[in-house]
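Residue 412 in the working numbering sits at position 77 of the sequence shown; the count goes up by one each step and never skips. First comes the structure, then the notes that go with it.
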Amino acid sequence: MVLRENLEQMYRVNVFAVIEMIQTVSRLMARSGGGSIINMASVTGVIGSPGQVAYSSTKGAVITMTKSAAKELAPLHIRVNAVAPGIVKTERFEELYETDSDKCQNPKDRTRKIRHSGRCGQCLCFSCLRQSRLYFRTDLRGRRVCGNLNISNMFLNIDQKNPADIAAIDDHEDSLTYGELVRFCDHFGEVLSKRTLIFILSENCIGAFAGYIGALSNKIVPLIIHSHTESGLFQNLLSAYRPEYLWLPERLGHEYESEVVFGFKHYILVKTGMTPPPLYKELSLLLPTSGSTGSSKLVRHSYKNVEANARNVSLLFGLDKHERALAALPIYYTMGLSVISSHIYAGATILLTGKSLTDGKFWTFMKEHRATSFTGVPYSFEVLQKLRFFRMDIPHLQLITQGGGKMDEKLFRTCADYAEKNGKKFIATYGQTEGTARMAYLPAHLASSKICSIGRAIPNGELSLVDEQGKLILEKEATGQLVYKGPNVTLGYAFSADDLIRGDENQGVLFTGDLARRDADGCYYIIGRIGRFLKLFGLRVGLDECERIIKAEYNLFCACTGTDKGMYVYITDGKFADKVLDLLIRKTHIIASAFKVIVIPEIPKNEAGKILYSKLIKE
Numbered sequence: 336m337v338l339r340e341n342l343e344q345m346y347r348v349n350v351f352a353v354i355e356m357i358q359t360v361s362r363l364m365a366r367s368g369g370g371s372i373i374n375m376a377s378v379t380g381v382i383g384s385p386g387q388v389a390y391s392s393t394k395g396a397v398i399t400m401t402k403s404a405a406k407e408l409a410p411l412h413i414r415v416n417a418v419a420p421g422i423v424k425t426e427r428f429e430e431l432y433e434t435d436s437d438k439c440q441n442p443k444d445r446t447r448k449i450r451h452s453g454r455c456g457q458c459l460c461f462s463c464l465r466q467s468r469l470y471f472r473t474d475l476r477g478r479r480v481c482g483n484l485n486i487s488n489m490f491l492n493i494d495q496k497n498p499a500d501i502a503a504i505d506d507h508e509d510s511l512t513y514g515e516l517v518r519f520c521d522h523f524g525e526v527l528s529k530r531t532l533i534f535i536l537s538e539n540c541i542g543a544f545a546g547y548i549g550a551l552s553n554k555i556v557p558l559i560i561h562s563h564t565e566s567g568l569f570q571n572l573l574s575a576y577r578p579e580y581l582w583l584p585e586r587l588g589h590e591y592e593s594e595v596v597f598g599f600k601h602y603i604l605v606k607t608g609m610t611p612p613p614l615y616k617e618l619s620l621l622l623p624t625s626g627s628t629g630s631s632k633l634v635r636h637s638y639k640n641v642e643a644n645a646r647n648v649s650l651l652f653g654l655d656k657h658e659r660a661l662a663a664l665p666i667y668y669t670m671g672l673s674v675i676s677s678h679i680y681a682g683a684t685i686l687l688t689g690k691s692l693t694d695g696k697f698w699t700f701m702k703e704h705r706a707t708s709f710t711g712v713p714y715s716f717e718v719l720q721k722l723r724f725f726r727m728d729i730p731h732l733q734l735i736t737q738g739g740g741k742m743d744e745k746l747f748r749t750c751a752d753y754a755e756k757n758g759k760k761f762i763a764t765y766g767q768t769e770g771t772a773r774m775a776y777l778p779a780h781l782a783s784s785k786i787c788s789i790g791r792a793i794p795n796g797e798l799s800l801v802d803e804q805g806k807l808i809l810e811k812e813a814t815g816q817l818v819y820k821g822p823n824v825t826l827g828y829a830f831s832a833d834d835l836i837r838g839d840e841n842q843g844v845l846f847t848g849d850l851a852r853r854d855a856d857g858c859y860y861i862i863g864r865i866g867r868f869l870k871l872f873g874l875r876v877g878l879d880e881c882e883r884i885i886k887a888e889y890n891l892f893c894a895c896t897g898t899d900k901g902m903y904v905y906i907t908d909g910k911f912a913d914k915v916l917d918l919l920i921r922k923t924h925i926i927a928s929a930f931k932v933i934v935i936p937e938i939p940k941n942e943a944g945k946i947l948y949s950k951l952i953k954e
């Protein structure tokens, strides 16, 4: 008879401890790209043994949990096996079997019984007096099953969401449940059986969305770009980074003579035949710097970065599974991707649309699916104002968030007043691609009193100011360069394929290049830029980079300056004015009204030949 306390102790040691150990080490192994776990079972767990009911049951539990864990952890490249020893001839064995005839007259007889135990499921049993082993053979890309370990194998724990809940709906009326999304990710991982690099040519639709989730769930590293990326930039990226696969709209498939592997929701997987570069083990995602103008410069994200952003934003907005987020910003844009990741983290529904705000179908889609939140950049709200949005009654819309640059003060106040009068929340946010989208927010209750403030750091983040020497400014009210610290700060940049093996160069600290003011309440305001960058319609554009591409295209000396409201381009030859404008529109994908080409007799320079931007005439 086994006492209850002894039984419980046996299960704590033989079963509970094994489960807890698998949980702990599997997470560490997943971060390192895989590994092997070997559990100690016993042959008694396979064939049983008289007088050892309790012990045999614990070892049987180890065997079955090994089988389940092997299937559950296989997509993470983690093997799980069990060793089931039989009788081992030791001094203790001699003592027992020489003095206790009731146990066994001949140890070989017992051994013979064990040897003939045969197979148990996928188990192979081998026995002898000195060595007995039980092996569980597993397929490293086997189908995922839900086990008792409660270890999520997929991006943002999608395999722990209610499989019947809707994950996403697009404006073509395609939809995807969480269960269907998990099954797609399983298939995606079976096809792309090893860690590699993939380009996702994105649109705001189910196919692109599924490709993004499928890639990160299987440790495949995606570079996400617009499906209409200018051909020169695309070829530049293609030759610079050598992706093994492309995930793209099926209508674009004719442009590529490569092998089509499979399709899903109007998207196809194309094998390029290229050999991808080595990838840093923590590298999860590549994004262009917002509004990149022909450059191969990318931002390298880790798994920790993306998960931290999703978790922090979900916490910040109080998201839950009942949310229905209108995802109108492009997926390749860091803020658009943040909307998707944070709501998937919460188990909510994403409403994907590529329709313009001026398209009546946009509003039909929004109302029919009862969107609960909308996220836009300053230009989005300018359009909304022209459409008289702030006079509309949309009761199901509860949360309005803004990012992508500084909004006009009058328009900011309009948004704040609208939200306050209609029982909604208006939350302004601040971020950069290098900070995985969002780094600061202005609480809704401060929107009317802190006009155009970026507020405070997001949960688990920290904001500070430094002077020109990089020294921390401790005064309560001060002005300096804004610095952000948090787990969502990315790994660094990539300029070529060789950079994809590089580790974390930022160590969680980002010098934003923005000049900011801190008020007495600890709220921050962006007042300028240290670096030469503009945010035009929510997209970051490098002034130096624009000068470079103009000079490269037309061998034309020029100077670029401006504000977030528009870029001024100074040239000395008027016959190039229209060509320069067309080039900037083509490279940046920003409308013509963002640029003004100005012809002047001479571009002012100092003795060293550097442009004197302060002396340029602004019209």
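Glycine included, each C-beta is placed from N, C-alpha and C at the ideal position.
query: Go ahead and pull the three-state DSSP assignment for residue 641.; result: helix
query: Look up residue 659 in the DSSP assignment and say whether it is helix, strand or coil.; result: strand
query: Quick check on the DSSP output: what are the complete alpha helix (DSSP H) runs of length 4 or more inside the stretch 512-545, in order along the chain?; result: 513-526
query: If you pair each beta-carbon of the stretch 634-644 with each one of the stretch 814-829, do three or more pairs fall below 8 Å?; result: yes
query: Can you name the residues that DSSP bridges to residue 594?; result: 606
query: Just reading off the beta strand (DSSP E) that residue 858 is part of, what are its end residues?; result: Careful: residue 858 lies outside any beta strand (DSSP E) and carries neither H nor E.
query: If you draw a straight line from the alpha carbon of residue 634 to that of residue 623, how long is it in whole angstroms?; result: 6 Å
query: Can you find the residues in the same chain that come closer than 8 Å, C-beta to C-beta, to residue 650, ignoring five residues on each side of it along the sequence?; result: 794
query: Going by DSSP in three states, residue 635 sits in which element: helix, strand or coil?; result: strand
query: What does residue 885 pair with, by DSSP beta-bridge criteria?; result: DSSP output for residue 885 lists no bridge partner at all.
query: Going by the CB atoms, is the gap between residue 505 and residue 540 shorter than 7 Å?; result: yes
query: How big is the Cα-Cα spacing for residue 346 and residue 681?; result: 35 Å
query: Are the CB atoms of residue 357 and residue 404 within a distance shorter than 7 Å?; result: yes
query: For residue 548 and residue 583, which I take to be in contact (beta-carbon distance under 8 Å), what is that distance rounded to the nearest angstrom?; result: Between residue 583 and residue 548 the Cβ distance is about 16 Å, and since that is not below 8 Å, they are no contact.
query: Tell me residue 582's beta-bridge partners as DSSP assigns them.; result: 535, 604
query: Where does residue 936 sit, in a helix, a strand or coil, going by DSSP?; result: coil
query: Here's the rule I'm using: 16 or more other beta-carbon atoms within 10 Å means buried, otherwise exposed. How should residue 543 be labelled?; result: buried
query: Leaving out the 5 sequence neighbours to the left and right, which residues in its chain are closer than 8 Å to residue 781 when beta-carbon positions are compared?; result: 788, 790, 858
query: Within a Cβ cutoff of 7 Å, which residues of the same chain sit near residue 379, ignoring the five residues on either side of it in sequence?; result: 387, 390, 391, 394
query: Do you know how far the Cα of residue 371 is from the Cα of residue 528?; result: 18 Å
query: Give the range of the alpha helix (DSSP H) segment to which residue 390 is assigned.; result: 388-408
query: Give a yes or no on contact between the stretch 708-723 and the stretch 517-525, applying the rule of three or more CB pairs nearer than 8 Å.; result: no
query: Buried or exposed: where does residue 842 fall if 16 or more other Cβ atoms within 10 Å of its Cβ makes it buried?; result: exposed
query: Given that a residue counts as buried once 16 or more other Cβ atoms are within 10 Å of its Cβ, and exposed if not, what is residue 935?; result: exposed
query: Is residue 670 near residue 740, with beta carbons less than 7 Å apart?; result: no
query: Report buried or exposed for residue 610, applying the criterion of at least 16 other Cβ atoms within 10 angstroms of its Cβ.; result: exposed
query: Among 846, 553, 759, which one has its Cα closest to the Cα of residue 802?; result: 846
query: Secondary structure at residue 505, three-state DSSP: helix, strand or coil?; result: strand
query: Buried or exposed: which applies to residue 567, given that a residue is buried once 16 or more other Cβ atoms fall within 10 Å of its Cβ?; result: exposed
query: Is the beta carbon of residue 764 sitting closer than 7 Å to the one on residue 776?; result: yes
query: Buried or exposed for residue 469, please, with buried defined as at least 16 other CB atoms from any protein chain shown within 10 angstroms of its CB.; result: In this prediction, residue 469 has a pLDDT of 33, which is less than 50 and means its spatial position is unreliable; nothing more can be read from the coordinates.
query: Is DSSP giving residue 920 helix, strand or coil here?; result: helix
query: I'd like to know if the stretch 807-817 and the stretch 584-602 are in contact, where contact means that at least 3 CB-CB pairs between them fall below 8 Å.; result: no
query: Flag this pair as touching only if the stretch 653-671 and the stretch 684-700 have three or more C-beta atom pairs under 8 Å; answer yes or no.; result: yes
query: Can you grab the Cα-Cα spacing for the pair residue 561 / residue 417, in whole Å?; result: 47 Å
query: What separation, rounded to the nearest whole angstrom, lies between the Cα atoms of residue 938 and residue 884?; result: 18 Å
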